[in-house]
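Visitor: Position one of the sequence shown corresponds to residue 1 (full-length UniProt numbering), numbered consecutively onward.
Just passing along the structure, written as structure tokens.
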Amino acid sequence: MLREALGSALRAFRADRGITLRELAETARVSPGYLSELERGRKEVSSELLAAVCHALGATVSDVLIEAAGSMAVHTAEADLAAV
Numbered sequence: 001m002l003r004e005a006l007g008s009a010l011r012a013f014r015a016d017r018g019i020t021l022r023e024l025a026e027t028a029r030v031s032p033g034y035l036s037e038l039e040r041g042r043k044e045v046s047s048e049l050l051a052a053v054c055h056a057l058g059a060t061v062s063d064v065l066i067e068a069a070g071s072m073a074v075h076t077a078e079a080d081l082a083a084v
């Protein structure tokens with residue numbers, strides 16, 4: 001769940017800045033394929049890589065983690081409501 005939330009947050013930050021996946025991958029020094037896997041929540045991200053991607057986005061790790069946590073909270077609340 002965290003993996004997917006982080007990926008969605010990274011994708012949202014990238015889209016908000018109008019940066020292509022290829023541009024971000026080049027700046028963060030990671031392959032476009034691997035970055036795509038991160039954004040889709042299919043790969044775990046190390047703290048070092050997360051920091052590099054955030055730096056390339058002009059965001060802090062805290063910004064991305066807060067966005068991901070908010071997404072997880074909404075998802076959890078929706079699941080709780082569906083269970084009622």
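Cβ atoms here follow ideal geometry from the backbone N, Cα and C, with glycine treated the same way.
For a minimum of 4 consecutive residues, which ranges assigned as the alpha helix (DSSP H) are wholly contained in the UniProt domain "HTH cro/C1-type" (10-64)?
Guide: 21-28, 32-39, 47-57
Visitor: DSSP three-state call for Met72: helix, strand or coil?
Guide: helix
Visitor: Kindly list the residues whose CB is nearer than 8 Å to the CB of Ala12, restricted to its own chain and excluding five residues on each side of it in sequence; keep chain order.
Guide: Glu67
Visitor: How would you call Glu39, buried or exposed, if buried means at least 16 neighbouring beta carbons within 10 angstroms?
Guide: buried
Visitor: Would you decide whether Ala15 is buried or exposed? Buried here means 16 or more other CB atoms lie within 10 Å of its CB.
Guide: exposed
Visitor: If I measure Cβ to Cβ from Ala28 and keep anything under 6 Å in the same chain, skipping five residues before and after, which residues do I get?
Guide: Ala52, Val53, Ala56
Visitor: Beta-carbon within less than 8 Å of Gly41's beta-carbon, same chain only, minus the 5 sequence neighbours each way: which residues are those?
Guide: Arg3, Glu4, Ala5, Leu6, Gly7, Ser8
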